[in-house]
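**Student:** As given, the protein sequences belong to chains S and U, one line each in that order. Letter by letter, the first sequence follows residues 15 to 211 in my numbering. Letter by letter, the second sequence follows residues 15 to 211 in my numbering. Backbone N, C-alpha and C define an ideal beta-carbon position, used for all residues, glycine too. In this text the structure is predicted, and so the values were computed from the model without any measurement.
Protein chains: 2
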Amino acid sequence: MPKAVPRRADAARNLGALLAAAKEVFAEDGVDAPAKTITDRAGVGVGTLYRHFPKRSDLVLAVIRHEIDDCADAAPRLLEAREPWDALTTWIDGLVELVGTKRGLAATLHADDQDPGEHGLSAYIVGRLEPALDGLLAAGRRAGVVRPDVDAAEVLFAVPLLLHEVPNRDLAFGRRLVRVYVDGLRPPVSEHVTSPH
Amino acid sequence: MPKAVPRRADAARNLGALLAAAKEVFAEDGVDAPAKTITDRAGVGVGTLYRHFPKRSDLVLAVIRHEIDDCADAAPRLLEAREPWDALTTWIDGLVELVGTKRGLAATLHADDQDPGEHGLSAYIVGRLEPALDGLLAAGRRAGVVRPDVDAAEVLFAVPLLLHEVPNRDLAFGRRLVRVYVDGLRPPVSEHVTSPH
Numbered sequence: 015m016p017k018a019v020p021r022r023a024d025a026a027r028n029l030g031a032l033l034a035a036a037k038e039v040f041a042e043d044g045v046d047a048p049a050k051t052i053t054d055r056a057g058v059g060v061g062t063l064y065r066h067f068p069k070r071s072d073l074v075l076a077v078i079r080h081e082i083d084d085c086a087d088a089a090p091r092l093l094e095a096r097e098p099w100d101a102l103t104t105w106i107d108g109l110v111e112l113v114g115t116k117r118g119l120a121a122t123l124h125a126d127d128q129d130p131g132e133h134g135l136s137a138y139i140v141g142r143l144e145p146a147l148d149g150l151l152a153a154g155r156r157a158g159v160v161r162p163d164v165d166a167a168e169v170l171f172a173v174p175l176l177l178h179e180v181p182n183r184d185l186a187f188g189r190r191l192v193r194v195y196v197d198g199l200r201p202p203v204s205e206h207v208t209s210p211h
Numbered sequence: 015m016p017k018a019v020p021r022r023a024d025a026a027r028n029l030g031a032l033l034a035a036a037k038e039v040f041a042e043d044g045v046d047a048p049a050k051t052i053t054d055r056a057g058v059g060v061g062t063l064y065r066h067f068p069k070r071s072d073l074v075l076a077v078i079r080h081e082i083d084d085c086a087d088a089a090p091r092l093l094e095a096r097e098p099w100d101a102l103t104t105w106i107d108g109l110v111e112l113v114g115t116k117r118g119l120a121a122t123l124h125a126d127d128q129d130p131g132e133h134g135l136s137a138y139i140v141g142r143l144e145p146a147l148d149g150l151l152a153a154g155r156r157a158g159v160v161r162p163d164v165d166a167a168e169v170l171f172a173v174p175l176l177l178h179e180v181p182n183r184d185l186a187f188g189r190r191l192v193r194v195y196v197d198g199l200r201p202p203v204s205e206h207v208t209s210p211h
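#1: Going along chain S in order, which residues have a C-beta closer than 7 Å to the C-beta of V180 (chain U)?
#2: Quick check on S71 (chain U): buried or exposed, where buried means 16 or more other Cβ atoms within 10 Å of its Cβ?
#3: Rounded to whole angstroms, what is the Cα-Cα separation between E205 (chain S) and R65 (chain U)?
#4: Do L170 (chain S) and V192 (chain S) have their C-beta atoms within less than 9 Å of each other?
#5: Are A166 (chain S) and L143 (chain S) closer than 9 Å when you measure CB to CB?
#6: According to DSSP, simplified to helix, strand and coil, what is F40 (chain U)?
#7: Should D129 (chain U) be flagged as near chain S, meaning a C-beta pair shorter than 9 Å?
#8: Out of U:R21, U:R156, U:R55 and U:L63, which one is the CA nearest neighbour of W99 (chain U)?
#9: Determine whether the beta carbon atoms of A47 (chain S) and V58 (chain S) lie at a separation below 9 Å.
#10: For K17 (chain U), count neighbouring Cβ atoms within 10 angstroms of its own Cβ and tell me buried if that reaches 16, exposed if not.
#11: Alpha carbon to alpha carbon, how far is T115 (chain U) from F187 (chain S)?
#12: Considering just the uninterrupted stretch of the alpha helix (DSSP H) at K50 (chain S), what are its terminal residues?
#13: Check whether chain S comes within 9 Å of E132 (chain U), counting only Cβ atoms and requiring the distance to be less than that.
#14: Can you find a C-beta in chain U that's less than 9 Å from the C-beta of F187 (chain S)?
#15: Between G198 (chain S) and chain U, is any beta-carbon pair separated by less than 9 Å?
#16: Rounded to the nearest angstrom, what separates I106 (chain S) and A76 (chain U) at their Cα positions?
#17: At which residue ranges does the segment 144–204 of chain U contain complete alpha helix (DSSP H) runs of 4 or more residues, listed in the order of the chain?
#18: Rounded to the nearest angstrom, what separates G30 (chain U) and A153 (chain U) at their Cα positions?
#19: I'd like the list of long-range same chain contacts for C85 (chain U), defined as Cβ closer than 8 Å, with 5 residues on each side in sequence excluded.
#20: For V74 (chain S), count the other beta carbons within 10 Å of its own beta carbon; 16 or more makes it buried, fewer makes it exposed. Which is it?
#21: Examine chain S for any beta-carbon lying closer than 9 Å to the beta-carbon of V194 (chain U), and answer yes or no.
#22: Check whether the Cβ atoms of V159 (chain S) and G198 (chain U) sit closer than 9 Å, and answer yes or no.
Take a look at the structure:
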């Protein structure tokens, strides 16, 4: 029993190092980067990688889930540190990054003949991100800076839809579409503007 | 030569009647409705239908193009009759209807093994609708009710993306997403609100 705690701590540290290294290497060299590039950066043996993630798609999926967790965990921290509108829009910027990452990585899951949907990734996204975004929207509504008639599920569908790949358009184009949608989350103008008449 | 003019007028009238009838019958009975239902309503013979549209997909495509033309032609009329913001949002409501129609009909083009893209439908939409929407956005910008940093192409991509079919969500869900995006087309709040300080 006394030995179990450090071993478990080691395993958790190795897993965290692997996910962090894999995320960086995927971004730099693509998802087909050699396993040794990842394990060297993580400071673990290749055996450790394959014990945790027998297939490359297992590792890709774990990296995406880790990103989703980070995104969800950021919400309460943002609400502590910033004004509600700033917290909400910064969080949505993070969601845009997440979707951009996922877009690149999800292609691998498909190529590996494994639909991300079959991994329950959509359910995982909703389960983790909807409560996080609910908190941000509620704080914004209380402060009068977010319209009352939009729920978290709408935003969680709208952002990925607007970032959907479109022929001859890059991610910057999608970001411009998202920016307009996000500005539309403010309360209707009539509640803001005092009529000049 | 004297006989050519009435003949051409007859042909144009028959074609218009066929398209109007087909649009109604498709909406009521689906795109597999019997040809005779369409020709009876149009008051023409079945031979006239098949001479103009040998395949069902030809007729479906013509109905969609006709809807696109109607949508484009509505823009200048709306600008004459309404305030710029009202004209813009009413026109976008029409675009939502068009995309909803197209969504149903496009499935037939696919089923007929003919990608709408191969018919140049996307190019047709952009070619007809982008100038129409440009005029509406420009009028809104001149009146100070539309933000200056959005172009027609963005809106023409954003609306269909937000109306994209999503599991377990109906078209009303997509309309709610579009409504938020459209409200985001207003100028940024800072230009509207007089600071209370």
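**Tutor:** From the atom records:
#1: F171
#2: buried
#3: Any reading at E205 (chain S) needs caution, since the residue's pLDDT is 43, under 50, leaving its predicted position unreliable; the model's value is listed next. C-alpha separation (whole angstroms): 57 Å.
#4: no
#5: yes
#6: Here F40 (chain U) sits in helix by DSSP.
#7: Because D129 (chain U) sits at a pLDDT of 48, beneath the cut-off of 50, its placement in the model cannot be relied upon, and the following sentence gives the value as read from the coordinates. Not an interface residue.
#8: U:R156
#9: no
#10: Per-residue confidence for K17 (chain U) stands at a pLDDT of 49, beneath the threshold of 50, marking its modelled position as unreliable; the derived number appears in the next sentence. Exposed: under 16 other Cβ atoms inside 10 Å.
#11: Near 26 Å, if we compare the C-alpha coordinates of F187 (chain S) and T115 (chain U).
#12: Segment A49 to A56, the alpha helix (DSSP H) holding K50 (chain S).
#13: Confidence is the limiting factor: at E132 (chain U) the pLDDT is only 49, short of 50, which leaves the residue's position unreliable, though a coordinate-based value still follows. Not an interface residue.
#14: At a cut-off of 9 Å between beta carbons, F187 (chain S) contacts chain U.
#15: yes
#16: Distance between the alpha carbons of I106 (chain S) and A76 (chain U) is about 41 Å.
#17: Those alpha helix (DSSP H) runs which fall completely within the segment 144–204 of chain U and span 4+ residues are 166–176 and 185–197.
#18: Take the alpha-carbon of G30 (chain U) and the one of A153 (chain U): they are about 32 Å apart.
#19: W105, G108, L109, L112, R142, L143 and A146
#20: buried
#21: At least one CB of chain S lies nearer than 9 Å to the CB of V194 (chain U).
#22: no
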